[in-house]
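Enquirer:
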Amino acid sequence: MTAAEPQTRSVVVERDIAHPPEKLWRALTQPHLIAEWLMNNDFQPAVGHRFTLRGEWGGVLDCEVLALEPPHTLSYSWNHSHEDPAFDLRSVVTFTLTPTDGGTHLRMEQSGFRPTQKQALGGALHGWTGFLARLEQLVAKVD
Amino acid sequence: MDHASDILFRTLADPTRRALFERLCREGEQTVGALTALAGVSQPAVSKHLGLLKQAGLVQDRHEGRQTHYSARVEALAPLNDWTREMGAFWAARLDRFEDLLNRMDQ
Numbered sequence: 101m102t103a104a105e106p107q108t109r110s111v112v113v114e115r116d117i118a119h120p121p122e123k124l125w126r127a128l129t130q131p132h133l134i135a136e137w138l139m140n141n142d143f144q145p146a147v148g149h150r151f152t153l154r155g156e157w158g159g160v161l162d163c164e165v166l167a168l169e170p171p172h173t174l175s176y177s178w179n180h181s182h183e184d185p186a187f188d189l190r191s192v193v194t195f196t197l198t199p200t201d202g203g204t205h206l207r208m209e210q211s212g213f214r215p216t217q218k219q220a221l222g223g224a225l226h227g228w229t230g231f232l233a234r235l236e237q238l239v240a241k242v243d
Numbered sequence: 008m009d010h011a012s013d014i015l016f017r018t019l020a021d022p023t024r025r026a027l028f029e030r031l032c033r034e035g036e037q038t039v040g041a042l043t044a045l046a047g048v049s050q051p052a053v054s055k056h057l058g059l060l061k062q063a064g065l066v067q068d069r070h071e072g073r074q075t076h077y078s079a080r081v082e083a084l085a086p087l088n089d090w091t092r093e094m095g096a097f098w099a100a101r102l103d104r105f106e107d108l109l110n111r112m113d114q
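Chains as they are written, first to last, in the working numbering: chain A, 101 to 243; chain B, 8 to 114.
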């Protein structure tokens with residue numbers, strides 16, 4: 101074991117969207133709308149509310165609302181428990197909405213992983229079909 | 008390539024094993040008999056392939072009576088993933104759906 105502080109990583113995706121922040125906020129915070137673009141859930145817009153996101157692949161993410169400032173900031177934890185610490189995922193997802201002339205600038209940041217967690221859910225979340233297709237191309241180069 | 012990735016590649020390089028693994032990913036837990044019915048090879052051959060998949064950590068087995076059930080351990084593929092790239096792709100795809108939804112919503 102090392103005493104060094106684990107480094108965190110983050111993923112940032114930014115988009116300019118031609119809709120007002122209030123409308124984005126609804127899609128980010130209403131469970132039936134969240135289900136349409138993200139995953140099945142029992143989200144409630146209240147700080148401290150614990151909920152789960154359930155992926156098509158059978159995975160379950162444990163989440164808790166950390167910050168809620170309509171229609172500007174939404175933040176929740178995005179955790180996946182696993183008996184093997186290498187696959188244990190602890191992260192935070194933050195959506196930041198900034199009004200623009202044409203609509204909204206949306207920034208999504210997911211942060212908080214240690215490098216040892218880089219494996220974790222990535223492939224699972226992305227969908228196995230695409231991943232396995234690429235894997236097939238890769239294995240074609242082996243041997 | 009590190010040792011874990013090497014084993015994964017070697018195990019999945021075989022098309023029969025890859026097909027078995029993909030089927031378990033897609034359809035969930037299956038018995039050896041059910042897997043054999045569609046694999047196009049004999050049951051001993053399927054069992055051997057499943058044994059190798061298990062050694063690589065790609066599947067796990069569960070005994071129930073005389074039946075052995077196999078299921079995929081998709082997390083075993085993790086060493087092959089670059090986390091940041093995968094999550095970036097995940098969010099890009101989800102935000103495409105987010106924008107589609109916004110276009111369909113009433114003001």
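All C-beta atoms, glycine included, are put in the ideal place defined by N, C-alpha and C.
Would you kindly work out how many angstroms separate the C-alpha atoms of D13/B and L102/B, rounded to a whole number?
Expert: Stepping through the second sequence from its first residue, residue 13/B is reached at position 6. Stepping through the second sequence from its first residue, residue 102/B is reached at position 95. Cα to Cα, the separation comes out at about 34 Å.
Enquirer: So is L174/A in contact with chain B if we call contact Cβ pairs under 8 Å?
Expert: Along the first sequence, read from residue 1 onward, the residue named residue 174/A stands at position 74. So, not an interface residue.
Enquirer: Starting from the C-beta of V160/A, find all residues in its chain whose C-beta is less than 7 Å away, skip the five residues before and the five after it, and write them out in chain order.
Expert: Translated into the one-based positions of the first sequence, residue 160/A becomes position 60. So the list reads T152 and R154, once near-sequence residues are dropped.
Enquirer: Run through chain B and tell me which residues come within less than 8 Å of A127/A, C-beta to C-beta.
Expert: Working through the first sequence from its first residue, we reach residue 127/A at position 27. Ordered by position in chain B, the residues that pass the 8 Å Cβ test against A127/A are F105, L108, L109 and M112.
Enquirer: Tell me which residues share the same chain as R69/B and place their Cβ nearer than 6 Å to its Cβ, disregarding the 5 neighbours each side in the sequence.
Expert: Walking along the second sequence from the start, residue 69/B turns up at place 62. Taken in chain order, the residues that qualify are H76.
Enquirer: Short of 6 Å in beta carbon distance, which residues of its chain neighbour A46/B, apart from the five on each side in sequence? Order them along the chain.
Expert: The residue given as residue 46/B occupies position 39 in the second sequence. Once the five neighbours on either side are set aside, the close Cβ partners of A46/B are V53.
Enquirer: Quick one: list the residues of chain A neighbouring A99/B, beta-carbon separation under 7 Å, in chain order.
Expert: One-based indexing of the second sequence puts residue 99/B at position 92. Per Cβ cutoff of 7 Å: V113.
Enquirer: Rounded to a whole number of angstroms, what is the C-alpha to C-alpha distance between E136/A and G148/A?
Expert: Indexing the first sequence from 1 puts residue 136/A at position 36. Indexing the first sequence from 1 puts residue 148/A at position 48. Using only the alpha carbons, I get a separation of about 23 Å.
Enquirer: Strictly under 8 Å for the Cβ-Cβ distance: is G64/B near chain A by that measure?
Expert: Locating residue 64/B in the second sequence gives position 57, where the first residue counts as 1. G64/B does not count as touching chain A.
Enquirer: What residues match up with W178/A in a beta bridge as DSSP calls it?
Expert: As a first step, residue 178/A must be located in the first sequence, where it is residue number 78. W178/A pairs with S191/A.
Enquirer: Any C-beta of chain B sitting closer than 8 Å to the C-beta of H119/A?
Expert: Taking the first sequence and counting its residues from 1, one reaches residue 119/A at position 19. Yes - at least one Cβ of chain B is within 8 Å of the one on H119/A.
Enquirer: Can we say the stretch 193-202 of chain A touches the stretch 119-134 of chain A, given the rule of at least three CB pairs closer than 8 Å?
Expert: Yes, they touch.
Enquirer: Answer with yes or no whether the minimum CB distance from L102/B to chain A is below 8 Å.
Expert: Locating residue 102/B in the second sequence gives position 95, where the first residue counts as 1. So, interface residue.
Enquirer: Please tell me whether L60/B and R17/B are closer than 8 Å, where the distance is taken between their beta carbons.
Expert: For the purposes of this step, residue 60/B is taken as the residue at position 53 of the second sequence. For the purposes of this step, residue 17/B is taken as the residue at position 10 of the second sequence. No; because the gap between Cβ atoms is not below 8 Å, this pair is not in contact.
Enquirer: Considering Cα atoms alone, identify which of D116/A, T204/A and W178/A is closest to S110/A.
Expert: Position 10 of the first sequence, counted from the first residue, corresponds to residue 110/A. The residue with the shortest Cα to Cα distance from S110/A is W178/A.
Enquirer: Closer than 7 Å by beta-carbon distance: list the chain B residues that pair up with W137/A, in chain order.
Expert: The residue given as residue 137/A occupies position 37 in the first sequence. Ordered by position in chain B, the residues that pass the 7 Å Cβ test against W137/A are R101, R104, F105 and L108.
Enquirer: Who are the neighbours of G95/B on chain A, taking C-beta pairs under 8 Å?
Expert: Against the second sequence, residue 95/B aligns to sequence position 88. Here the neighbours are V111 and V113.
Enquirer: Would you mind sorting E82/B into buried or exposed? The rule is 16 or more other CB atoms within 10 Å of its CB.
Expert: If you number the second sequence from 1, residue 82/B lands on position 75. E82/B comes out buried.
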